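Take the sequence shown: its position 44, counting from 1, is numbered 44 in full-length UniProt numbering, and each next residue is one higher.
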Amino acid sequence: MNKSKKCFYNPDLNSAPSEIAIRHGFHLEEHRVTTQDGYILTIFRMKPKIKDIKSSQEPVILQHGIFVDSRSWFISGNSSL
Numbered sequence: 001m002n003k004s005k006k007c008f009y010n011p012d013l014n015s016a017p018s019e020i021a022i023r024h025g026f027h028l029e030e031h032r033v034t035t036q037d038g039y040i041l042t043i044f045r046m047k048p049k050i051k052d053i054k055s056s057q058e059p060v061i062l063q064h065g066i067f068v069d070s071r072s073w074f075i076s077g078n079s080s081l
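Take a look at the structure:
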């Protein structure tokens, strides 16, 4: 796309979280939860690339900031959490 060595094109920038996860080899489940006061929350469960029976895959909950969305956790590709 851009051949300048000083520019970086990130195809994940405007992609949906599920597209970003698939592009990097992860499986992403999307769930919707309605709170008691009527808000609808979207929750993602990301499964690891490789299943390692010996490791314990403990869940981790990440909450993005007020002015960003869940893409902030995916946008750095393989450098992300």
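Ideal Cβ placement from N, Cα and C applies to all residues, glycine included.
Quantities reported herein were computed from a predicted structural model and do not represent experimental measurements.
With distance defined between alpha-carbon atoms, name the residue in the options nearest to residue i.
i          : options           : result
residue 40 : 48, 49, 30 and 47 : 30
residue 17 : 10, 8 and 28      : 28
residue 45 : 13, 22 and 8      : 22
residue 59 : 9, 38, 15 and 48  : 48
residue 68 : 13, 38 and 8      : 13
residue 70 : 8, 26 and 20      : 20
Please report the residue range of the alpha helix (DSSP H) in which residue i lies.
i          : result
residue 83 : There is simply no residue 83 to check, as the chain begins at 1 and stops at 81 in what is shown.
Determine the direct distance from the alpha carbon of residue j to that of residue i, and round the result to whole angstroms.
i          : j          : result
residue 32 : residue 6  : 40 Å
residue 24 : residue 11 : 11 Å
residue 43 : residue 35 : 12 Å
residue 64 : residue 72 : 7 Å
Which stretch, first to last residue, makes up the beta strand (DSSP E) that contains residue i?
i          : result
residue 31 : 27-34
residue 82 : Here the chain has residues from 1 to 81 only, and residue 82 is not among them.
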